[in-house]
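Participant: Quick one: the structure is below, and I'll ask about it shortly.
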Amino acid sequence: MIKMALQKDLHGSEGLMTLSVKQSVNRGDFIVIMGESGAGKSTLLRMLAGLEAAKGFVEVDGEVWQDEKNRLPIQQRSVGFVFQDFALFDNMSVKENLTFVSPDNPLAEELLEIMEIEKLRDRSVLLLSGGQKQRVALARALMRRPKLLLMDEPLSSLDPRMRHKLSEKIKELHERFGMTTLMVSHDVAEAKRLATRLWFVENAEVTEYPLDYLESLEYG
Amino acid sequence: MIDFTPFVLSFKLAFLTTLILFVVALPYAWWLSQSQGKYKPLLEALTALPIVLPPSVLGFYLLVVFAPNSPVGHFIESLFGMKLVFTFTGLVVASCFYSLPFMVQPLQNGFESLNRHMIEASYLAGKSPWQTLRYVALPNIKPSLMTALIITFAHTVGEFGVVLMVGGSIPGETKVASVAIYELVEVMEYGTAHIYAAMLLGLSFLVLLTVYVYNHRRKNRLGMVV
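Okay, structure coming up:
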């Protein structure tokens, strides 16, 4: 169970605004976060990961990550994070990207296999295609067996076929590792495939919508 | 017979300066690249000063500060038993000030050009800033590292004003190649001056060529990949 009540001043598309989030997340939820560009979706993920300072409170399974007095450093938060631009360690091979995070070799091999990149294990990540890079990034994000998986538009730079394939992989990882996942996305079809809950960031607030709302987005 | 002692001194000086500056400037440049503090511009300006300052001005101030009758000079002499004026040790310390920006700036630029998310991914992997520097940041700025090391070395070999002010021209101690050339011309020994000068010219060119060839090849190699 994750409880959060966060506020942060942002320079949004309509001047200064205070993004505020008051939500709770249950173990196993797959929450897709939608909303316009610049609404603060990425900021929400970054605040949870500790990459950006914010006022307020975050508690994960009874452990306080942030309150008025303390902020748990990034390094100590049980978070897996997938960036839109992959952000792999360019000086390392595929496998090294995983084992740098944690020397858990069996887990690294298992993840390489799930992501179907075991044949690429010794290749420099500079030599990979976009789809391959994002597979590595996904595998890397799970190497610390995080409680919370945060993904910031992980598939938006890929072509439609690869998006479909990788969204299946994301679903598989989420279920197999019993993850709690928050994913920012612009893609309605992707959201329909993956989401168990739907959040919208609009007017500087995070609001929950029923999943049915995706239907109206698709045909509206 | 030509005396190569000034060259040996120049290279020894440049080697030690580069080594010391690398150790000192690496964490400093890394910190500068990650910092958003309000004192950052002040520190950056101070670091860049030796680029714009006439070497004689820097040398003059260092001479004043290092002098045994100044508080700093006195302190260093009583604590470490080191004299910094007209000694090789003094030259090394002075060179570190003089060449500081040539080490710091390429490293800082390299670190700042790295993908911010890659650094964050390392923190998210539980790595400290120091581990991130060692295993992620530094291996990904090899051209900048190469530039920093080589330019610092070459720049120290080429220094003249600061060396003359702080070190004077004591044979075998502080008389480096650039100072030796100046003195040879003063006494009109153009033959030896020519040889020294040609050696410095050739060497400086080679050093720069190495840097550019290395960075060019690296770029081409990566270019083929992408």
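From first to last, the protein sequence lines stand for chains A and B.
The letter at position 156 of the first sequence is residue 156 when you use my numbering, and the numbering goes up by one with no holes.
The letter at position 41 of the second sequence is residue 261 when you use my numbering, and the numbering goes up by one with no holes.
Glycine included, C-beta positions come from ideal geometry on N, C-alpha and C.
Since we're looking at a predicted model, the values are computed, not measured.
1. My output table needs one value for Tyr-259 of chain B: the three-state DSSP class, helix, strand or coil.
2. Tell me the residue span of the beta strand (DSSP E) that contains Leu-19 of chain A.
3. I want to know whether the segment 279-286 of chain B touches the segment 323-338 of chain B - three or more CB-CB distances under 8 Å.
4. Is the segment 47-64 of chain A touching the segment 82-102 of chain A, taking contact as three or more C-beta pairs under 8 Å?
5. I want to see whether chain B comes within less than 8 Å of Asp-90 of chain A, judged by CB atoms only; does it?
6. Would you say the beta carbon of Tyr-416 of chain B is closer than 7 Å to some non-hydrogen atom of the ligand MN?
7. Mind checking Thr-238 of chain B: buried by the 16 CB within 10 Å criterion, or exposed?
8. Just list the alpha helix (DSSP H) runs in the segment 333-388 of chain B, keeping only unbroken ones of 4 residues or longer that don't cross its boundaries, in chain order.
9. What are the residues of the segment 332-347 of chain B that lie near chain A, defined by any Cβ-Cβ distance shorter than 8 Å?
10. What are the residues of the segment 405-420 of chain B that lie near chain A, defined by any Cβ-Cβ distance shorter than 8 Å?
11. Going by DSSP, name the residue or residues bridged to Met-408 of chain B.
12. With DSSP as the reference, please indicate the residues paired to Asp-67 of chain A in a beta bridge.
13. Could you name the residues of the same chain whose beta carbon sits closer than 6 Å to that of Arg-437 of chain B, not counting the 5 residues immediately before and after it, in chain order?
14. Quick check on DSSP: helix, strand or coil for Ile-2 of chain A?
15. To the nearest whole angstrom, what separates the beta carbons of Ile-74 of chain A and Tyr-355 of chain B, a pair I think is in contact under 8 Å?
16. I'd like the list of long-range same chain contacts for Met-179 of chain A, defined as Cβ closer than 6 Å, with 5 residues on each side in sequence excluded.
17. So with CB distances below 9 Å, who are the chain B contacts of Gln-75 of chain A?
18. When the Cα atoms are used, what is the spatial distance from Ser-37 of chain A to Ser-124 of chain A?
19. What are the boundary residues of the alpha helix (DSSP H) that includes Arg-176 of chain A?
20. With DSSP run on the structure shown, which of helix, strand or coil describes Glu-202 of chain A?
21. For chain A, find out if any of its Cβ atoms is closer than 8 Å to the Cβ of Asn-435 of chain B; answer yes or no.
22. Within a Cβ cutoff of 6 Å, which residues of the same chain sit near Glu-153 of chain A, ignoring the five residues on either side of it in sequence?
23. Can you tell me which of the three DSSP states Gly-392 of chain B falls into?
24. For Val-431 of chain B, which of helix, strand or coil comes out of DSSP?
25. Is the beta carbon of Thr-43 of chain A sitting closer than 8 Å to the one on Leu-10 of chain A?
26. Should the segment 319-327 of chain B be called in touch with the segment 230-245 of chain B, which here means at least 3 C-beta pairs below 8 Å?
27. Going by alpha carbons, who is nearest to Leu-173 of chain A out of A:Asp-90, A:Glu-110, A:Tyr-213, A:Lys-133?
28. For the segment 126-156 of chain A, which residues have a CB atom closer than 7 Å to at least one CB atom of chain B, in sequence order?
29. When you compare only the Cα positions, how much space is there between Phe-231 of chain B and Leu-420 of chain B?
30. For the pair the segment 302-314 of chain B and the segment 407-426 of chain B, tell me if three or more CB-CB distances fall below 8 Å.
31. Give the range of the alpha helix (DSSP H) segment to which Phe-235 of chain B is assigned.
32. Consider the Cβ of Pro-363 of chain B: report whether some Cβ of chain A lies at a distance smaller than 8 Å.
33. Classify His-294 of chain B: buried if its beta carbon has 16 or more other beta carbons within 10 angstroms, exposed otherwise.
34. Taking the straight line between their C-alpha atoms, what separation do you get for Pro-210 of chain A and Ile-33 of chain A?
35. Using the rule of at least 16 other Cβ atoms within 10 Å of the residue's Cβ for burial, across every protein chain shown, is Met-4 of chain A buried or exposed?
36. Can you list, in chain order, the residues of its chain whose CB lies under 7 Å from that of Ala-234 of chain B, leaving out five sequence neighbours each side?
Facilitator: In this structure, then:
1. As a first step, residue 259 of chain B must be located in the second sequence, where it is residue number 39. Here Tyr-259 of chain B sits in coil by DSSP.
2. Residue mapping note: residue 19 of chain A aligns to position 19 of the first sequence, counting from 1. Residues 15-25.
3. no
4. no
5. The residue given as residue 90 of chain A occupies position 90 in the first sequence. Yes, contact with chain B.
6. Questions concerning the ligand MN fall outside what the structure shown contains, since it holds no ligand whatsoever.
7. The count along the second sequence starts at 1 and reaches residue 238 of chain B at position 18. Looking at its Cβ environment, which holds 16 or more other Cβ atoms inside 10 Å, Thr-238 of chain B is buried.
8. 336-344, 349-352, 362-377, 381-387
9. Asn-335, His-337, Met-338, Glu-340, Ala-341, Ser-342, Tyr-343, Leu-344, Ala-345, Gly-346, Lys-347
10. none
11. Taking the first residue of the second sequence as position 1, residue 408 of chain B is located at position 188. Met-408 of chain B pairs with nothing; no bridge assigned.
12. Locating residue 67 of chain A in the first sequence gives position 67, where the first residue counts as 1. BP columns for Asp-67 of chain A are empty, so no partner.
13. Counted from its first residue, the second sequence places residue 437 of chain B at position 217. None.
14. Taking the first residue of the first sequence as 1, we reach residue 2 of chain A at position 2. Of the three classes helix, strand and coil, the one that applies to Ile-2 of chain A here is strand, per DSSP.
15. Translated into the one-based positions of the first sequence, residue 74 of chain A becomes position 74. Translated into the one-based positions of the second sequence, residue 355 of chain B becomes position 135. That belief does not hold up - the Cβ atoms of Ile-74 of chain A and Tyr-355 of chain B are roughly 16 Å apart, past 8 Å.
16. Taking the first sequence and counting its residues from 1, the one referred to as residue 179 of chain A is at position 179. The answer, listed in chain order, is Leu-149.
17. Against the first sequence, residue 75 of chain A aligns to sequence position 75. Within 9 Å Cβ-Cβ: Tyr-343, Leu-344, Ala-345, Gly-346, Lys-347, Ser-348.
18. Mapped onto the first sequence, residue 37 of chain A falls at position 37. Mapped onto the first sequence, residue 124 of chain A falls at position 124. So the alpha carbons of these two residues sit roughly 33 Å apart.
19. Sequence index remark: in the first sequence, residue 176 of chain A carries index 176 (1-based). Note, Arg-176 of chain A: alpha helix (DSSP H), 160-176.
20. By 1-based counting over the first sequence, the position of residue 202 of chain A is 202. It is a strand residue.
21. Numbered from its first residue, the second sequence carries residue 435 of chain B at position 215. Not closer than 8 Å to any Cβ of chain A, the Cβ of Asn-435 of chain B fails to qualify, so no.
22. For the purposes of this step, residue 153 of chain A is taken as the residue at position 153 of the first sequence. So the list reads Gln-84, Val-184, once near-sequence residues are dropped.
23. Here the question's residue 392 of chain B lines up with position 172 in the second sequence. Coil at Gly-392 of chain B, not helix or strand.
24. Looking up residue 431 of chain B in the second sequence gives position 211. Correct three-state label for Val-431 of chain B: helix.
25. Within the first sequence, the letter at position 43 stands for residue 43 of chain A. Within the first sequence, the letter at position 10 stands for residue 10 of chain A. Yes. Within cutoff.
26. yes
27. As a position in the first sequence, residue 173 of chain A is number 173, starting the count at 1. Considering only alpha carbons, the answer is A:Glu-110.
28. Leu-126, Leu-127, Arg-144
29. Counting from one through the second sequence, the residue named residue 231 of chain B turns up at place 11. Counting from one through the second sequence, the residue named residue 420 of chain B turns up at place 200. Straight-line Cα distance between these residues: approximately 11 Å.
30. no
31. The residue labelled residue 235 of chain B in the question sits at position 15 within the second sequence. Start and end: 225-254.
32. Along the second sequence, read from residue 1 onward, the residue named residue 363 of chain B stands at position 143. With 8 Å as the cut-off, Pro-363 of chain B does not count as an interface residue toward chain A.
33. The sequence position of residue 294 of chain B within the second sequence is 74, counting from 1. That one is exposed.
34. One-based indexing of the first sequence puts residue 210 of chain A at position 210. One-based indexing of the first sequence puts residue 33 of chain A at position 33. Each residue's Cα considered, the two are about 12 Å apart.
35. Indexing the first sequence from 1 puts residue 4 of chain A at position 4. Classification for Met-4 of chain A: buried.
36. By one-based count along the second sequence, residue 234 of chain B stands at place 14. Excluding sequence neighbours, Ala-234 of chain B sits near Phe-373, Thr-376, Val-377.
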